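Counting from 1004, one number per residue, gives the positions in the sequence shown under our numbering.
Shown next, in structure tokens, is the structure this report addresses.
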Amino acid sequence: MRELRQNPLIPAILTQLRRNLHTAPATPFGIHHLLASLSRHPCLAALDDRSELSLFKKNFLLMNGLYQLQGSLWDEEQLRLQIAPLDIRLHSAQPTQSSQRLPEPEDPMREYYLDWGHYHETTREDVVALLQGFWRRLDRGERRQALVTLALGEGASATDIKQRYQRLARQHHPDRGGDQARFMEIRAAYELLRP
């Protein structure tokens, strides 16, 4: 496969963004939705859906295109492109913003996806390592949040977790006048933490 330096998805991404901008009100859509709507594009259709590396390349092409468009849409048309996993949306600039430059705080994601070296040099093994690291960080984050919900520290033992859960469950149980939402939050935290 030839080495890409220009993103062939940009015109198709722009078409989708403009179509969404002109719906009233503009509805947010996410990366998955946008990728699905572009799945028949020749450069995406040529990549195998079963390969982790191919999925990485599809995502990279989409994100690279979005970040390239983010700058050019502002410079040329004063349109702001919001890029978030579940909310990709074009916004018209407010009158007071039109003379300003697009705010570009240091965004590691932007820097990553605008570097074509990542697209060309990333191997299947790199993708597997990225995914494993992601799931480990997610697991740690969920565990940490569950401990906060139960008001426990990192070193809490299985006994500590069970005792705190029982005390909080009695305190917040709906049958005893407690808040059902809080009780469910406590129960979910316990289920995540219990051995």
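Think of the CB as a built atom: it goes at the ideal place given N, C-alpha and C, for glycine as much as any other residue.
Remember, predicted model here, so these are calculated numbers, not experimental data.
If you compare alpha carbons, which of the options is closest to residue i?
{"i": "D1090", "options": "S1075, L1069 and D1110", "result": "L1069"}
{"i": "Q1019", "options": "D1052, V1130 and L1038", "result": "L1038"}
{"i": "D1129", "options": "N1023, F1032 and S1054", "result": "S1054"}
{"i": "Q1009", "options": "E1080, G1158, W1119 and R1173", "result": "W1119"}
{"i": "R1022", "options": "A1184, R1092 and P1177", "result": "R1092"}
{"i": "H1121", "options": "Q1166, L1041, N1062 and D1182", "result": "N1062"}
{"i": "A1087", "options": "E1079, A1191, D1078 and L1065", "result": "L1065"}
{"i": "D1110", "options": "K1165, Q1073 and A1049", "result": "Q1073"}
{"i": "L1195", "options": "W1138, R1139 and Q1148", "result": "Q1148"}
Taking the Cβ atom as the reference point for each residue, do residue i and residue j lie within a distance shorter than 8 Å?
{"i": "E1188", "j": "T1162", "result": "no"}
{"i": "A1154", "j": "R1167", "result": "yes"}
{"i": "L1047", "j": "L1041", "result": "yes"}
{"i": "L1012", "j": "H1044", "result": "yes"}
Where does residue i fall in DSSP's three states?
{"i": "R1053", "result": "coil"}
{"i": "Q1009", "result": "coil"}
{"i": "L949", "result": "The structure shown has nothing for residue 949, since the chain only spans 1004 to 1198."}
{"i": "L1082", "result": "strand"}
{"i": "R1043", "result": "coil"}
{"i": "T1026", "result": "coil"}
{"i": "D1182", "result": "coil"}
{"i": "E1157", "result": "coil"}
{"i": "T1126", "result": "coil"}
List the residues that DSSP assigns as beta-bridge partners of residue i.
{"i": "F1032", "result": "I1091"}
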